[in-house]
Structure formats: C-alpha cells, structure tokens
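Residue numbers (numbering that gives the first Met the number 0): 0 to 277.
Don't be surprised by glycine CBs; every beta carbon is placed ideally from N, CA and C.
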Amino acid sequence: MASMVDGLSINLATIREQCGFAEAVDLCLKHGITSIAPWRDQVARIGIDEAARIIHQNGIKLTGLCRGGFFPAASAADRQSAIDDNRRAIDEAAALGADCLVLVVGGLAGGSKNIEDAREMVRDGIAATLPHARASGVPLAIEPLHPMYAADRSCVNTLGKALDMCETLGEGVGVAIDVYHVWWDPDLAREIARAGREQRILAHHICDWLVPTRDMLTDRGMMGDGVIDLKGIRRMVEVSGFHGAQEVEIFSAENWWKRPADEVIRTCVERFHDCCRI
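In structure tokens, the structure reads:
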C-alpha cells in the first residue's frame with residue numbers, strides 16, 4: 000500500500016461506473032486513502048453487513064453516507080414514505096459508522112410552483128426524522144445545492160438558507176459544504192464563518208467547475224481543471240474550525256467515469272496535494 004494520504008476522502012460516486020464497493024475500497028487503500036463516502040445504492044448491492052465488515056476490518060473512516068433527503072411531495076403518504084426512508088438511511092449510516100448522513104433535501108413537490116412550500120416540507124421532514132438521528136448518534140448534513148437544481152433536487156440553494164434551517168431545527172443538524180454548489184455565492188465567506196461559529200460544518204466536498212460545463216449534473220471537473228478557488232475556500236473552512244477530510248466527489252460521464260479507476264484515484268491524490276492543501 001502507498002504511504003497514507005492524510006486529509007483526503009473519496010466519495011465513491013467518483014468511480015461509481017468502474018468499481019463496486021469492495022473494489023473501490025481496495026483501490027483507495029492501494030493509494031493510501033483510508034477515508035471514503037459511499038452511496039446507499041453501492042452499499043445495498045453488497046449488503047450492509049458485508050459493507051460494514053469491509054469498513055471495520057480495514058480501518059476505513061466514512062466521512063459521510065450519501066444520501067437522505069427528498070422530503071417534498073404532493074401527498075401526505077409520499078411525504079411519510081420519504082421520512083421512513085430517511086430513518087432507514089440513518090440506520091445504515093449508524094451501522095457503517097458514518098460521520099454524517101448527507102441530505103439532498105429535494106425540490107418542488109409534484110405539480111407545485113411554490114418553493115417556500117417545498118422548504119417548509121423539508122423543515123418538517125427533517126424535524127420528523129431528527130429524533131431518530133439523535134438517538135442513533137448520526138448527524139444530518141444539509142447540503143445546499145446550486146440554484147440550477149432548485150426545482151428538482153434541492154430547494155435549499157445557499158449556505159445561508161441551510162444554516163437558517165439548522166438554527167430552526169436545533170442540535171444534530173449541520174451542513175455539507177460542496178464547493179461545486181457554493182463557490183459562486185457572494186456571501187460565502189460570511190456564511191462559512193457563521194457555520195464555524197455555530198459548529199455546523201460536517202463535511203467539505205471538492206471538485207471543480209469547468210468552463211464550459213457541458214452537463215450541469217455529470218460534467219464536474221477534477222480539481223485544478225476549473226475556476227473554483229479551492230485553496231481559498233479550504234482556508235475559510237479551516238479558519239472556521241473544521242479540519243476534517245476534503246472529500247472528492249466528481250460526476251463525470253464523458254471524462255473521469257470513462258477512465259481506468261486507478262488513474263482517477265491517482266489523479267485525485269496528485270491534485271489534492273497540488274490544488275487543495277493549504
């Protein structure tokens with residue numbers, strides 16, 4: 000195994016098209032990476048018990064489990080179904096020892112054009128889920144998404160909005176700061192400082208914003224290939240008191256998902272050292 004790479008985590012979406020869970024873990028270990036963040040579907044394919052065995056046997060740290068959320072829905076029955084699924088996600092995160100459950104909260108309810116109603120459904124959904132999360136010892140990390148996703152993926156689009164929601168909900172809820180979604184925000188420095196004062200930062204996700212971007216969902220860039228000030232944002236995050244791993248999360252249908260997984264992880268390590276560490 001290569002020498003340990005401190006401060007780097009791999010979100011397994013980065014190599015989801017090339018590797019299953021066990022193979023991805025082996026590859027990360029080969030490159031000295033002992034922190035990962037899997038997705039629930041990746042865990043489900045191998046089974047929660049086997050995934051937990053692999054994690055604990057290899058001393059793997061989970062910087063998060065992706066994902067819970069998607070609370071808004073047109074009917075009460077569908078909203079309750081989302082709450083039930085989030086409780087299951089909490090159980091999975093607890094079984095795997097994840098630092099947090101990442102929440103992509105959901106967009107507009109079906110047939111609705113009212114984004115404030117959607118945000119209220121998100122608050123209500125998290126509030127209903129939160130007692131189980133607290134009892135299980137699993138913090139919930141609201142991940143604000145870029146405004147382009149407001150209708151279908153997340154009606155919480157700025158770090159400030161996410162922190163307002165955290166204040167309302169109380170203990171056990173924080174934020175995942177993904178540079179892809181927040182780098183553009185003119186209030187970013189102020190809100191990262193606020194998140195630090197309130198001790199709400201649970202995760203820090205990295206990749207890059209390409210110019211041009213060919214697909215808004217599946218054309219994220221490798222660190223250093225785009226326009227995000229990765230070191231500047233990391234400096235703000237660390238000044239605010241968060242020193243956890245930087246978690247690489249890249250969706251790249253036409254580039255990195257087509258390359259050999261070993262090349263992708265090797266490049267992640269190189270770019271982490273060159274572009275992200277301060």
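About 12 Å separates the beta carbons of alanine 140 and leucine 61, which is beyond the 8 Å limit, so they are not a contact pair.
DSSP lists Ala175 as the beta-bridge partner residues of alanine 202. Taking histidine 272 as the centre and dropping the five residues before and after it, the same chain places no C-beta closer than 7 Å to its C-beta.
Excluding the 5 residues flanking it on each side, threonine 167 has same chain C-beta neighbours closer than 8 Å at Arg122, in chain order. For glycine 124, the uninterrupted alpha helix (DSSP H) run begins and ends at 114 to 135, by DSSP. The three-state reading of DSSP puts valine 247 in strand, counting E and B together. Check the Cα spacing between valine 172 and each of Arg213, Leu102, Ala150, Asn113: the tightest is with Leu102. Annotated three-state conformation of aspartate 40 is helix, per DSSP. Excluding residues up to 5 positions away in sequence, Ser8, Ile9, Asn10, Leu11, Ala23, Val24, Cys27, Ile59, Lys60, Leu61, Thr62 lie with their Cβ nearer than 8 Å to the Cβ of isoleucine 35 in the same chain. At least 8 Å separates the beta-carbon of cysteine 165 from that of leucine 229. Beta-bridge analysis with DSSP links alanine 97 to Leu61. Contact between the segment 191 to 209 and the segment 105 to 124 is absent: fewer than three C-beta pairs spanning the two stretches fall below 8 Å. Around valine 137, the same chain offers Ile89, Ala92, Ala93, Leu100 as residues with beta carbons nearer than 6 Å, after the five sequence neighbours per side are excluded. Around the CB of isoleucine 227, 16 or more other CB atoms lie within 10 Å, so the residue is classed as buried. Excluding the 5 residues flanking it on each side, glycine 225 has same chain C-beta neighbours closer than 7 Å at Asp207, Trp208, Leu209, Val210, in chain order. Exposure of aspartate 5 is indicated by the presence of fewer than 16 other C-beta atoms within 10 angstroms of its C-beta.
A straight-line Cα-Cα distance of about 24 Å links histidine 242 and glycine 67. Spatial neighbours of phenylalanine 70 in its own chain (CB-CB distance under 8 Å, excluding positions within 5 residues in sequence) are listed in chain order as Arg78, Ala81, Ile82, Asn85, Val104, Gly105, Met120, Val121, Asp123, Gly124, Ile125.
The DSSP-derived three-state label of isoleucine 277 is coil. Looking at Ser239, Trp38, Ala97, the one whose alpha-carbon comes closest to that of isoleucine 14 is Trp38. Spanning the alpha carbons of proline 130 and proline 146 requires a straight line of approximately 29 Å. Within the same chain, and ignoring the five residues on either side of alanine 21 in sequence, the residues whose Cβ sits closer than 7 Å to its Cβ are Ile45, Ile53.
Annotation for alanine 117: Pro71, Gly105, Gly106, Leu107, Ala108, Ser111, Cys154 place their beta carbon closer than 8 Å to its own, counting only its chain and skipping 5 residues before and after. For the pair leucine 158 and aspartate 184, the CB atoms are nearer than the 8 Å cut-off.
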